[in-house]
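Line by line, the protein sequences give chains A and B.
Each residue of the first sequence is one higher than the one before, starting from 154 at the first, in this note's numbering.
Each residue of the second sequence is one higher than the one before, starting from -18 at the first, in this note's numbering.
To keep things clear, I will list the structure first and then write my remarks on it.
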Amino acid sequence: MEWLQRNRISVGTTVVILVAAYVFYVVNDNVATSMFKGAWFFAVPLVLGALTGVVGERSGVVNIGIEGQMLVAAFTAFFTAAASGSLVVGVGVGMLAGIVMGAFLAFTTVKGLMDQIIAGVVINIVATGLTSFFYRPGQVLSANMPQWDIPVLSSIPLIGDVFFQTGPIALFALLAVPVVHLALFRTRWGLRTRSIGEYPSAADTAGINVIRMRLLNVTIGGIFAGAAGAFLSMEATAGFERGMTAGRGFLALAILIFGAWRPLRVFAAALFFGFTNALASQLQGVINIPQQFITLLPYLLTLVVLAVAAGRVRAPGAVGQPFVKGEGS
Amino acid sequence: MADPRDEPSDGAPSQGAVATEAPPPVVPEQGAPPPPTGVLGLLVREQSIVVPIVAVVAALAIGAALIRAQGVNPTYAYQSLFSYSFGTADGLQATFEKMVPLILCGLAVVIPLRVGLFNIGAQGQLMSGAICAAAAAHSVREAPGFLVAVIAMVAGILGGAMWASIAGALKASRGVHEVISTIMLNSIAAGLIDYLVNGPLKDPTSAYPASYPAPDAAKLTPLGFIPIGLPIALVLAILVAWMLRRTTLGFQFETIGRNRHAASYAGIRLGGMIVLAMAVAGGLAGLAGSVEYLEIDPYRYQDGIAGSLGFDGITIALLARSSPLGTIPAAMLVGALRAGSSTLMFNTGIQPEIVDMLLAITLLLVSLPIIAKLIFRRHTAKSSALASSWGS
């Protein structure tokens, strides 16, 4: 009860949205299902990318390089899968690529004290250079990613259709959100992570190894961006193209801010983005708007959302600042 | 390490020793080595030049390994690349033509860096400049050629400046981080322009989506192998250097970049300055766009006119260690690589994307503080954070 009282706005909003969604579903189940499916489809890489951001920025490291992490992961996942003939190996290597890129960011910024923004931009440019140089056209996957129907859950109307008749990576994203949320707010790791992102010197005084923890978190956080990349090149489509992330890493960043660095809100924000996108595509047939305006809607929305949200949410206190033991902050 | 606060002249190895007229009894920081002398001292003092050169050489070496891995002799590959870019009249002209927008885009990143802003949006600013130039040139196409060219350039400057100041205004008023807003503006510009060249501004006689061509009289034809844009870009680089170093405006920019709280306390209007810095940067990138439109065949706005010029601007600014004059050699290097890449492809079959790869490695090496640390050990100039965190 007390919990309900404290979270009445979030719970209330969720209930309102669910009711609205089901009213829509009752009115026209086909359109509703396809729109919500489209929304979640659009949101999966954003959720995953933003989770990489959550883990990194909660520990105090800004990650502008999510886009590059995703791109390299998409590249390695697809080409490993095509070469080895195994989807599992492909996805695994994609996630590993995300982790390696995360480790790069971690070591340059936390150990090397390189400027975090510049490090992120460097990651993006390096990722573009690497993937476009080594790109070879004409590769195909030996099989399509499986589509799973989760027993029981997939028979729930609407929610089952949207979330539980999915590919493995989308399911991973769905599970990762509550897991990261619980880890961040209910475990010792989470408390420590938040403390090194808010006030590293105090955390250091309390005996937490700030440097090691930041290195570890930023590195491991890359797994989500890796999964996002694998989703793009293997699950959403079966193919890699140069620059195929097309700004999704930056959208994920905007969602991270819009979602106030909290996994559950990030999930909601990503779904909102996805739904807007699906709505715009639906509207295209109804009213006459040029197709280009639909494609740029997510970017425009990012700007608007940031302009509204940036003043209202508070970033982790020490995000963007390198920690040097003994120098205070 | 690509820090706007590292002045080239700031060669003092650490805060321990500062050269003044009457050397005060400076107590060296514990463990700080004495300032080195001789050749090593010169190298340490000129870190901002030495580090980029080392980075470029190392990147070319890594590139050589990549080229060898493709079964091509690296010496031959680099020879054919650079002998075209610098050794032939055509190649030299191509290099110079590439240099013009590269210098301007480099400056468009350098100026905001000095204010502590990271402008990733030179690409979008260049594109909006180019499309504004194309629209303006078409609407006054009956005017004398010289006038059309000037009007197109002014329109390009305004278009780029307007596009960049959106990011500046969002930063100043709402605290939206400029890295995200400029990237979003890049995509929005691309979408809007795609609509324009397929719709209102489309030349119906063109087979593919493109704007109307520039009137013949307005085209900037090169003098010999020197494109007209080159002196403009060089003069602007010198002007920007002068502005940053010698004018009140430059002083205000620099003060904000070093400590915005102090700047605010000193009565500098932060918001206005942020918007102004972005507008100036956008104007330069926009000018680059209009020069591309007026100077490069097919003299139209069409898909791919911007290439990756805006993003190369980032590489150039970091390679130049955010020095305006440093953008000139940096742009020459990037321009030569870009100009020679098709010859390289023709002679050796190596994909032109090798240039992206080389530039990425260079950027990586030049911005890693580790490089400077490896060379200079404890004499490395102190680095600090540029990142203005989210929402501030």
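For every residue, glycine included, the Cβ atom is placed at its ideal position computed from N, Cα and C.
Applying a beta-carbon distance threshold of less than 7 Å, which residues of chain A neighbour residue i?
i              : result
T69 (chain B)  : By Cβ distance, chain A contributes nothing, its closest Cβ being about 26 Å from T69 (chain B), past 7 Å.
T202 (chain B) : Simply none; closest approach about 33 Å.
F292 (chain B) : I278
Counting only Cβ pairs nearer than 9 Å, list the residues of chain A close to residue i.
i              : result
V131 (chain B) : The premise fails here: V131 (chain B) is roughly 31 Å from chain A at the closest Cβ pair, so nothing lies under 9 Å.
Report the neighbours of residue i on chain B: residues whose CB is nearer than 8 Å to its CB, in chain order.
i              : result
V279 (chain A) : A341, I342, L344, L345
F426 (chain A) : Residues of chain B passing the Cβ test: none, with the nearest at roughly 13 Å.
On a CA-only basis, which of the options is nearest residue i? Give me that one, please.
i              : options                        : result
V332 (chain A) : A:M397, A:V207, A:L311         : A:V207
F398 (chain A) : A:A227, A:V215, A:V169, A:T186 : Checking the sequence, you will find Thr at residue 398 (chain A) rather than Phe. Comparing Cα positions, the closest option is A:A227.
I430 (chain B) : B:L41, B:L230, B:I84, B:G72    : Examination of residue 430 (chain B) is not possible in this model, given that chain B is present from -18 through 373 alone.
L290 (chain B) : B:T229, B:S348, B:A89, B:M165  : B:A89
L275 (chain B) : B:L299, B:I213, B:A133         : B:A133
M254 (chain A) : A:I278, A:A471, A:S239         : A:I278
Y280 (chain B) : B:A170, B:A118, B:F99, B:A262  : B:A118
Y175 (chain A) : A:L157, A:I217, A:I312, A:V214 : A:I312
V389 (chain A) : A:R365, A:S187, A:I322         : One point to set straight first is that residue 389 (chain A) is Ala, not Val, in the sequence displayed. The residue with the shortest Cα to Cα distance from A389 (chain A) is A:I322.
F393 (chain A) : A:A235, A:R339, A:G479         : A:A235
Does chain B have any CB closer than 7 Å to the CB of residue i?
i              : result
Q445 (chain A) : yes
A203 (chain A) : no
I271 (chain A) : yes
F476 (chain A) : no
R448 (chain A) : Looking at the sequence itself, residue 448 (chain A) is Thr, so the reference to Arg does not match. Interface residue, yes.
T229 (chain A) : no
T455 (chain A) : yes
L157 (chain A) : no
L406 (chain A) : yes
A460 (chain A) : yes
F411 (chain A) : no
F403 (chain A) : yes
Can you pull the chain A residues whose beta carbon is under 8 Å from the beta carbon of residue i, in chain order?
i              : result
E334 (chain B) : G282, S285, F286, Y288
F99 (chain B)  : I270, I271, V274
T296 (chain B) : I278
Which stretch, first to last residue, makes up the alpha helix (DSSP H) that contains residue i?
i              : result
R26 (chain B)  : 19 to 26
F228 (chain A) : 219 to 237
W156 (chain A) : 155 to 159
Y59 (chain B)  : 55 to 68
H242 (chain B) : 241 to 246
P416 (chain A) : 416 to 439
Y96 (chain A)  : Nothing can be reported for residue 96 (chain A): it is not among the residues displayed for chain A, which extend from 154 to 482.
Q51 (chain B)  : First-last for Q51 (chain B): undefined, no H or E at that position.
F195 (chain A) : 182 to 211
D293 (chain B) : 290 to 300
L257 (chain B) : 251 to 276
N370 (chain A) : 363 to 383
A114 (chain B) : 103 to 120
K152 (chain B) : 126 to 155
A256 (chain A) : 240 to 259
I309 (chain A) : Unbroken run through I309 (chain A): none, as it is neither H nor E.
P451 (chain A) : 444 to 462
G321 (chain B) : 308 to 329
Anything in chain B within Cβ reach of residue i, meaning under 7 Å, just list it in chain order.
i              : result
Y452 (chain A) : M165, S168, I169
I217 (chain A) : V160
T261 (chain A) : L349
G400 (chain A) : I164, S168
V519 (chain A) : A question about residue 519 (chain A) goes unanswered here, because the residues of chain A that appear run from 154 up to 482.
DSSP beta-bridge partners for residue i?
i              : result
L204 (chain B) : B:I207
D302 (chain A) : A:Q318
F183 (chain B) : Note that residue 183 (chain B) corresponds to Lys in the displayed sequence, not to Phe. Answer is B:S192, bridged to K183 (chain B).
Q283 (chain B) : B:A191
Does the CB of residue i have a neighbour CB from chain A at under 7 Å?
i              : result
V157 (chain B) : yes
L182 (chain B) : no
L151 (chain B) : yes
G172 (chain B) : yes
D175 (chain B) : yes
D337 (chain B) : yes
A368 (chain B) : Below a pLDDT of 50, predicted positions are generally treated as unreliable, and A368 (chain B), at 40, falls in that range; no measurement from the model is reported.
Taking Cβ-Cβ distances shorter than 9 Å, what residues in chain B pair up with residue i?
i              : result
F195 (chain A) : In chain order: nothing, as chain B lies at least about 15 Å away.
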